[in-house]
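What follows is one structure encoded as structure tokens, with my remarks underneath.
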Amino acid sequence: MAGRAADSTVLAGARVVLPTGTVEDGRVTVESTRISDSAPEDARVIDLPGHWVVPGFVDMHNHGGGGASFTSGTVDEVLHGIHTHREHGTTTLVASTVTGEMDFLAQRAGVLSELVEQGDLAGIHFEGPFISPCRKGAHSEQLLRYPDPAEVRKLVDAARGAARMVTLATELPGGLDSVRLLADLGVIAAIGHTDATYEQTVEAIDAGATVATHLFNAMPPLAHREPGPIAALLEDDRITVELINDGTHLHPATLELAYRHKGAGRVALITDAMDAAGFGDGLYDLGPLAVEVRDGVARLVEGGSIAGSTLTLDTAFRRAVTIDRIPVEDVVRSISANPARLLGVDDRVGSLEPGKDADLVVLDADFVLAGVMRKGEWIIEPKTA
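Residues in the sequence shown are numbered consecutively from 848, following the numbering used here.
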């Protein structure tokens, strides 16, 4: 059930996760589109005993969903994909593209930037084409390019102020200069799909890189004589690491290791979702590559590489708490507050504080999604007794 909440709504009796911790028998007051610190006497009260109320989820790495691709779909298809993820608690979303021809990516940036201007998206993330052929994953090797700063600038300019992040293999020619350029432009330089050494990764961090694109995936493994990028990304507090918590990309012990080493303040849970998220098994396209989704796992038809995920953030949240045993407050930081901070939208979203957008998720006692509100409008209204 969807629809505008009453002008004043109070969610009462739930465990409410605030920046300062969890409040038992807490209350969240919504006035129109924002969170308020007080409620009028005639406010509608929704009692939610046994539930949790947490901030709306923020996904900074997402390629599509509901059968729609953010790289190639029509505007209506992209909007459908956005809505699919909203139904799973993601109230703020960055559209990620995959490797393609430069002119095509520039054209797509123009299309997606209009949705950013309308408030449907929080920005654009270019994942490729500036990545290593050695760690290309589900990207077309024929379309990969060196990260020439002029070409990086072309994509950022095509996004008309909507570019939020560019993933680079920073060890490639032009990589460090591109990191410096992005830092100067206020765009996140993310290290990913990389074959860099430990020393090369440290250089990239010193140049201004601040995010590790899906840590552990599409990069050399940690080894005792060749620590590679993973050690550098884990040890440096300037880096926030993305993690895909779908049970396929990472073993639970690996995810726990990242949380323990980085601390909850430097982890961002993402989906890296492709078209099949929230849609089902079948054959799909990921850019120019064919993908088969079987039992919820996406793999390239040719070669069998993992091709993104079919994850939604409500599932990532539930897995983190119930399987990985991450404290709820830490999961909230990594699925809402941290990505909001990185994207520069934490003045509006990412936490339940007066004055911020009324973006929130209601979870039942088993951490199953029970309700979603975005800007004071119920996407899914929780059922009450």
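Think of the CB as a built atom: it goes at the ideal place given N, C-alpha and C, for glycine as much as any other residue.
Quick caveat: nothing in here was measured; it's all calculated off a predicted structure.
C-alpha of E1149 to C-alpha of G1021: approximately 30 angstroms in a straight line.
V905 sits close to A1187, with the two beta carbons spaced by under 9 angstroms.
With a minimum length of 4 residues, the unbroken runs of alpha helix (DSSP H) contained wholly in the stretch 1022-1072 fall at 1022-1032, 1045-1054.
Annotation: the stretch 856-920 contains the following complete segments of the beta strand (DSSP E) (minimum length 3 residues), in chain order: 868-878, 881-883, 891-894, 899-902, 904-909.
Under the three-state reduction of DSSP output, D923 falls in the helix class.
Pairwise C-beta distances place the stretch 910-921 out of contact with the stretch 881-894, as fewer than three of them are shorter than 8 angstroms. Look at E1224 here: in three-state DSSP terms it is strand. In the DSSP annotation of this structure, the continuous segment of the alpha helix (DSSP H) that includes R1000 starts and ends at 996-1005. At a cut-off of 3 residues, the continuous stretches assigned as beta strand (DSSP E) that sit fully inside the stretch 918-968 are 937-944. Pairwise C-beta distances place the stretch 870-879 in contact with the stretch 1205-1223, as three or more of them are shorter than 8 angstroms. For V1175, the secondary structure class from DSSP, reduced to helix, strand or coil, is helix.
Residue pairing by DSSP places F973 opposite T944, V1013 in a beta bridge. By the Cβ-count criterion, E1089 is buried, with 16 or more other Cβ atoms from all chains shown falling within 10 Å of its own Cβ.
Counting only runs that start and end inside the stretch 1135-1170, the beta strand (DSSP E) elements of at least 3 residues fall at 1136-1141, 1144-1147. Under the three-state reduction of DSSP, I1182 is assigned to helix. Closest option to A1184, judged by alpha-carbon separation, among R1113, Y1131, T1159: R1113. Scanning its chain for C-beta atoms nearer than 7 angstroms, with the 5 sequence neighbours on each side dropped, one finds around A886 the residues S855, V857, T876, in chain order. In this structure, L1015 is the residue among L1015, E1046, V1049 with its C-alpha nearest to the C-alpha of H1061.
For Y1131, no alpha helix (DSSP H) encloses it; the enclosing beta strand (DSSP E) starts and ends at 1129-1133.
The beta carbon of E988 sits closer than 8 angstroms to the beta carbons of P980 from its chain, once the five residues preceding and following it are set aside; these are given in chain order. Between the alpha carbons of T1044 and G957 lies a distance of about 35 angstroms. Looking only at H1071, G868, G1143, E1200, the smallest Cα-Cα distance to D1177 is reached by G868.
Residue burial annotation: I1170 is exposed, with fewer than 16 other C-beta atoms found within 10 angstroms of its C-beta. Contact fails between the stretch 1141-1160 and the stretch 950-967, because fewer than three Cβ pairs, one in each stretch, are under 8 angstroms apart. Under the DSSP assignment, L1080 falls outside any beta strand (DSSP E), being part of the alpha helix (DSSP H) whose first and last residues are 1075-1082. In this structure, the CA atom of G913 is about 19 angstroms from the CA atom of I1091. If you look at E1103, you'll find it in the alpha helix (DSSP H) that goes 1099-1109. Assignment of beta-bridge partners to V1208 by DSSP yields V901, V1219.
In the same chain as P996, and ignoring 5 residues on each side of it, the C-beta atoms closer than 7 angstroms to its own belong to G1021, D1024, S1025, L1028, in chain order. Taken through DSSP and simplified to helix, strand or coil, L1090 comes out as strand. When beta bridges are read from the DSSP output, A1123 appears opposite no residue. Residues G903, D1206, R1221 of the same chain have their beta carbon placed closer than 6 angstroms to that of T938, with the five preceding and five following residues left out of the count.
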